[in-house]
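Sequential numbering of the sequence shown, starting at 1012, is according to our numbering.
Every residue, glycine too, gets a C-beta built ideally from N, C-alpha and C.
Given the structure is predicted, the values throughout are model-derived calculations rather than measurements.
Only one structure is covered here, and it is reproduced in the block below.
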Amino acid sequence: MASLHLPSSLASMAIKNHTITRLCHTKSIVSVNGKFPGPPLVAREGDRVIIKVVNHVSSNVTIHWYEKSFLFFFFFFSFLPPASINIFYIKKSFTGIHRSVYIERFNSCYPVTRLMHGVRQLRSGEWFNVDPEDVINQALQLGNGPNVSDAFTINDTFKLKVIPGKTYLLRIINAALNDELFFSIANHTLTVVEADAAYVKPFQTNILLIAPGQTTNVLLQTKPIPPNATFLIAASSYFTGQGTVDNTTTAAILEYHKPLTHSNVSLRNLTLSRPSLPPVNATKFVNVTQFVANFTAKFRSLANSKFPANFPKTVDRKFFFTVGLGTNPCPKNTTCQGPNGQKFSASVNNISFVLPSTAILQAYYFGQPKGVYTTDFPANPQPSFNYTGTPPNNTMVSNGTRAVVLAFNTSVEVVLQDTSILGAESHPLHLHGFNFFVVGQGFGNFDPNKDPAKFNLVDPVERNTAAVPSGGWIAFRFFADNPVEETESIRGVVYALSSGYPYELGAKNGMDSLRWTPTKPEVTTSTVRSS
């Protein structure tokens, strides 16, 4: 896989359309530098990188950097005619962090006593025979669930060639945005060492579960003698909801390099070993549900002097958010295919996000929130009900653009509770601009009187993406301190989108619109630079 090289700390990304054929279907896709999947960006700790992004496609483009505490961490730009193609520059410093998936630490040992022979990246994704934009537009118009993908992928099509008796670091990413994925390599054990690019206490497993947007780094120890076999690397869906699902299994190949002195066996004559993955409808099997719960509980921070777990031991603000699906009325003179002829609508605390005509951050920076958003997002569902029990008769949601605003450095605890209003299912959460610490999770309704006593306040795992269990809850804590390093004299406002269930958590500290002065007119950003 080709990487983006960084001569003189400069990298270029060209956003273009290119034609590709898969599953006997040829179509145009948007790509970075003509690569499918896109090329990784590799840098060493201490590097300061400028990334030049040129948009050649006829639609708006948003790029999000999956990491906390950085200078320009989210930007959006639109299409201009070819005579004035959009060019943007992003400045990025890789100093004093271990969280970026693509960082190579300079003169620093990995916190696992094992020499690594190589690093490989495996990205699971989705392939649609049709244009994904058409899939989204149809779902929004008809109000039903989007059509599922036609196949999953691992690095498009991929063969991992390894040398016997070596240790490889595999960076595994789930880019299938609507599916949790099981992942396994036949007849090989994996040692988990990182989650979302934060180190964890190592543990071994034969099967991984990775939620949409999550990354998991594992060590693969190859067999000492080249076997007369090849091994499938497989991924399939962990389906927790209702309706249709992509029930395909994607596979790559693990192939051993054989020395010249080894018996010359044709690849066609080698045994093909397949991993055993849980069934797609895994929630119907108690042992699979228990495996998922046990696997998730194994993730714990190193929590030592070199890599401390800096999470709030006490909290200033507590929030209890329900997440799930409800309905919105079908517009007049249209036909909808959601429940009871209505439209599916995702919500948090039964409030579904309304996209404003003015960007929320822009309105905040310039002190003009009126008519754009309000700051009255409820800290608890109103009213409360049996969240995972018999669904209420009224499934309608309210709609609005409402935010929670936090003082800078506030310590926060959030409990996300799945609901069974239109069927329980797992919901991925990504907290934009922050890492957070998962202190607890469970099934059923969260009990504020009993469950906090079971929280892990010793070594909770640090993540930037997590999954709310189907029919359950997850609790996490964080400091509203983005960015944490003050050397750049920056303050930031961030907002969190819970996999289509948007709400805002904004950190503020004396924001002054007059101090928002990007260094170049080409640069757009959702942070504020102090003069």
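Could you have a look at residue i and say whether DSSP puts it in helix, strand or coil?
| i | result |
| --- | --- |
| proline 1350 | helix |
| lysine 1381 | coil |
| proline 1157 | coil |
| threonine 1227 | strand |
| methionine 1024 | strand |
| asparagine 1315 | coil |
| leucine 1366 | coil |
| arginine 1279 | helix |
| aspartate 953 | No answer is possible for residue 953: it lies beyond the span of the chain, which begins at 1012 and ends at 1542. |
| isoleucine 1062 | strand |
| valine 1426 | strand |
| leucine 1516 | In this prediction, leucine 1516 has a pLDDT of 46, which is less than 50 and means its spatial position is unreliable; what the coordinates show is noted afterwards. Reduced to three states, the DSSP call for leucine 1516 is strand. |
| serine 1356 | strand |
| lysine 1343 | coil |
| isoleucine 1031 | strand |
| glutamate 1436 | coil |
| lysine 1461 | coil |
| valine 1041 | strand |
| alanine 1150 | helix |
| alanine 1197 | coil |
Along the beta strand (DSSP E) that carries residue i, what are the first and last residues, could you check?
| i | result |
| --- | --- |
| phenylalanine 1331 | 1328–1339 |
| glutamine 1373 | Looking at the DSSP string, glutamine 1373 is not in any beta strand (DSSP E); the run it does join, the alpha helix (DSSP H), is 1371–1376. |
| arginine 1131 | 1129–1138 |
| valine 1472 | 1472–1474 |
| glutamine 1215 | 1209–1216 |
| histidine 1443 | Premise fails: histidine 1443 is in no beta strand (DSSP E) and is neither H nor E. |
| tyrosine 1249 | 1240–1249 |
| asparagine 1185 | 1178–1185 |
| tyrosine 1267 | 1260–1267 |
| glutamine 1452 | 1447–1454 |
| phenylalanine 1487 | 1483–1490 |
| asparagine 1410 | 1409–1411 |
| threonine 1073 | 1072–1075 |
| glycine 1219 | According to the sequence as given, residue 1219 is leucine; it is not glycine. Residues 1219–1221. |
| threonine 1418 | Note on residue identity: the sequence assigns alanine, not threonine, to residue 1418. Start and end: 1414–1418. |
Give me the Cβ distance between residue i and residue j, rounded to the nearest whole Å; I'm assuming they're in contact under 8 Å.
| i | j | result |
| --- | --- | --- |
| alanine 1187 | phenylalanine 1163 | 6 Å |
| alanine 1222 | threonine 1476 | 6 Å |
| valine 1472 | phenylalanine 1310 | 4 Å |
| arginine 1182 | glutamine 1132 | 5 Å |
| glycine 1451 | lysine 1465 | 6 Å |
| threonine 1241 | leucine 1201 | No, threonine 1241 and leucine 1201 are not in contact; Cβ-Cβ is about 18 Å, not under 8 Å. |
| serine 1358 | glycine 1378 | Contact flag wrong, Cβ pair sits at about 29 Å. |
Start and end of the alpha helix (DSSP H) containing residue i?
| i | result |
| --- | --- |
| threonine 1307 | 1297–1308 |
Check this for me: beta carbons of residue i and residue j, under 8 Å apart or not?
| i | j | result |
| --- | --- | --- |
| tyrosine 1384 | arginine 1413 | yes |
| valine 1130 | leucine 1180 | yes |
| arginine 1360 | threonine 1333 | The sequence given here places asparagine at residue 1360; arginine does not occur at that position. For asparagine 1360 and threonine 1333, yes; Cβs fall inside 8 Å. |
| serine 1437 | proline 1402 | no |
| valine 1423 | leucine 1417 | yes |
| arginine 1279 | leucine 1243 | no |
| threonine 1226 | isoleucine 1184 | yes |
| serine 1135 | alanine 1246 | yes |
| histidine 1153 | cysteine 1035 | It should be pointed out that residue 1153 corresponds to leucine in this sequence rather than to histidine. No, the Cβ-Cβ distance between leucine 1153 and cysteine 1035 is not below 8 Å. |
| aspartate 1429 | serine 1363 | no |
| aspartate 1327 | phenylalanine 1419 | no |
| alanine 1320 | alanine 1314 | yes |
| threonine 1433 | threonine 1406 | Residue identity differs from the one stated: residue 1433 is leucine in this sequence, not threonine. Cβ distance < 8 Å, so leucine 1433 and threonine 1406 count as in contact. |
| threonine 1261 | isoleucine 1196 | no |
| isoleucine 1551 | phenylalanine 1193 | The chain is shown only over 1012 to 1542; residue 1551 falls outside these bounds and no answer can be derived. |
| proline 1289 | valine 1297 | no |
What do you reckon, is the C-beta of residue i under 7 Å from a heavy atom of the ligand SAH?
| i | result |
| --- | --- |
| glutamine 1348 | This structure does not include the ligand SAH; it has no bound ligands of any sort. |
Check your understanding: Quick one: any contact between the stretch 1387–1398 and the stretch 1367–1375, if contact means 3 or more CB pairs under 8 Å?
Key -> Cβ pair count under 8 Å is below three, so no.
Review point. Are the stretch 1131–1150 and the stretch 1032–1046 touching by the rule of at least three beta carbon pairs closer than 8 Å?
Key: Touching, per the Cβ criterion.
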